Amino acid sequence: MAVMRSVFYVPSNNEKMVGKATSIEADILTLDLEDSVPPAEKARGREEIKKYLDSSRASQKAKYLYVRVNNWETEMTNDDLEAVVYPGLDGVCLAKCGSGENVKRLDWKLEELEQRRGMKVGSVAIQLLIETAKGVINAYEAASASCRVNSLIFGAVDFTKDMRVTLTSEGKEQLYARFHTAVAARAAGCVAIDCPYVAFQDTEGYKKSTEEGRQMGYEGRMLIHPSQIEPSHEIYTPSAASIEWAEGVKKVFEEEGIAKGTAAVTYLGKMVDTPVYENAMQILRTMEEIRAADAK
Ligand code: COA
Ligand code: MG
4 MAVMRSVFYV PSNNEKMVGK ATSIEADILT LDLEDSVPPA EKARGREEIK KYLDSSRASQ
64 KAKYLYVRVN NWETEMTNDD LEAVVYPGLD GVCLAKCGSG ENVKRLDWKL EELEQRRGMK
124 VGSVAIQLLI ETAKGVINAY EAASASCRVN SLIFGAVDFT KDMRVTLTSE GKEQLYARFH
184 TAVAARAAGC VAIDCPYVAF QDTEGYKKST EEGRQMGYEG RMLIHPSQIE PSHEIYTPSA
244 ASIEWAEGVK KVFEEEGIAK GTAAVTYLGK MVDTPVYENA MQILRTMEEI RAADAK
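In case it helps, my numbering puts the sequence shown at residues 4 to 299.
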């Protein structure tokens, strides 16, 4: 599973910010062609991305490069894809995904461009923004519509707009959709990525909200400001205490349990059975994946 603790957004038409993008140490750097770029600037955004691919991509510190494209209903998606699907692009994030049909259409177009441009077919991943009422209802179907789909992002800002409610930092109005998107992502074998936190100067609020999403199953977050990268990496990387716990569970379960013919043992006063052991093993695997990704 790819490591996606930080999915960092940069408006593609903002030359100053794109100029800084190579130094951003996020897991995924996303150059945006959608709502952070005004309609009259879309063409310039596409050009900036092509320039970035040609001259900056090789020196970027982020692990992967994605581009967010406009949803099919805008009739801009095709032009976005034609402009940016070139070697060096790792993934495309589809904004306002509403259905599996939206995803299949993207999959076909990516295959065509990969073939035309001498890229390995299937090399460009798909990430979906689940940010409309319809998108939430169809999230699992959309996530399962192409084997390219590797992650779902819950988009709170558009979701609250679609629901005609006010976006709050506390986020009660988003709870159902935020939970639903995380479960849909896991059901489809994808990484769940939490919504942007727009009050970017409120570091304590950011951490609290991120911890809360972590417990819903989110393994990364969509970020709008450089100050959000470090706390995200800290929260989504297993803590020293949880690794110590996982190693303890592994040892006790394997040595006192399985080796002696039982699959239920006690560790630190609590029952450890097969799913607890597997959960501990997952924590250790996640840590290995993060170490390997950071070492690259
Ligand atoms: N990408 C690259 N650099 C960024 C950045 C981003 N997303 N957000 C902030 N920075 C840079 C600023 O340019 C500034 O650089 P400087 O010190 O050289 O001037 C520095 O980080 C500090 O920024 P700050 O002054 O705190 O914020 P700001 O007022 O410049 O920008 C936002 C605030 C919200 C407008 C900006 O963070 C942003 O545009 N974020 C991305 C928005 C986006 O992509 N939305 C779509 C997804 S929801
Ligand atoms: Mg949106």
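The beta carbon of each residue, even a glycine, is placed where N, CA and C say it ideally should be.
Since we're looking at a predicted model, the values are computed, not measured.
Using a C-beta cut-off of 8 Å, the region 191 to 204 makes contact with the region 152 to 165, since at least three inter-stretch Cβ pairs fall below that distance. Judged by DSSP in its simplified three-state form, Gly223 adopts strand. Following the DSSP letters along the chain, one finds Lys53 inside the alpha helix (DSSP H) bounded by residues Lys45 to Ser58. For Ile31, the secondary structure class from DSSP, reduced to helix, strand or coil, is strand. Taken in chain order, the complete alpha helix (DSSP H) segments of 4 residues or longer contained in the region 206 to 252 are 206 to 217 and 232 to 239. When secondary structure is reduced to three states using DSSP, Pro41 falls in the coil class, being assigned neither helix nor strand. Spanning the alpha carbons of Leu97 and Arg288 requires a straight line of approximately 29 Å.
Taking the Cα positions, Glu28 is about 8 Å away from Gln63.
By the beta-carbon neighbour count (other beta carbons within 10 angstroms, threshold 16), Glu233 is exposed. Cβ-Cβ distances below 8 Å link Lys299 to Lys66 in the same chain, with the five nearest sequence neighbours on each side left out; the list follows chain order. For Met20, the shortest C-beta to heavy atom distance toward the ligand COA is below 7 Å. DSSP places Pro199 outside any beta strand (DSSP E), giving it a letter other than H or E.
Unbroken alpha helix (DSSP H) stretches of 4 residues or longer found wholly inside the region 121 to 165: 136 to 140 and 142 to 146, given in chain order. The DSSP-derived three-state label of Pro278 is helix. Setting aside the 5 residues that flank it on each side, Ser212 is surrounded in the same chain by Tyr200, each with a C-beta closer than 6 Å to its C-beta; the list follows chain order.
Between Asn105 and Ala128, the gap from beta carbon to beta carbon reaches 8 Å or more. Residue pairing for Gly94: DSSP places it in a beta bridge opposite Tyr69 and Ala128. Cβ atoms of Asp276 and Ala283 stay farther apart than 8 Å, at about 11 Å. In the DSSP secondary-structure assignment, Lys175 is not bridged to any residue. For Leu170, the shortest C-beta to heavy atom distance toward the ligand MG is 7 Å or greater.
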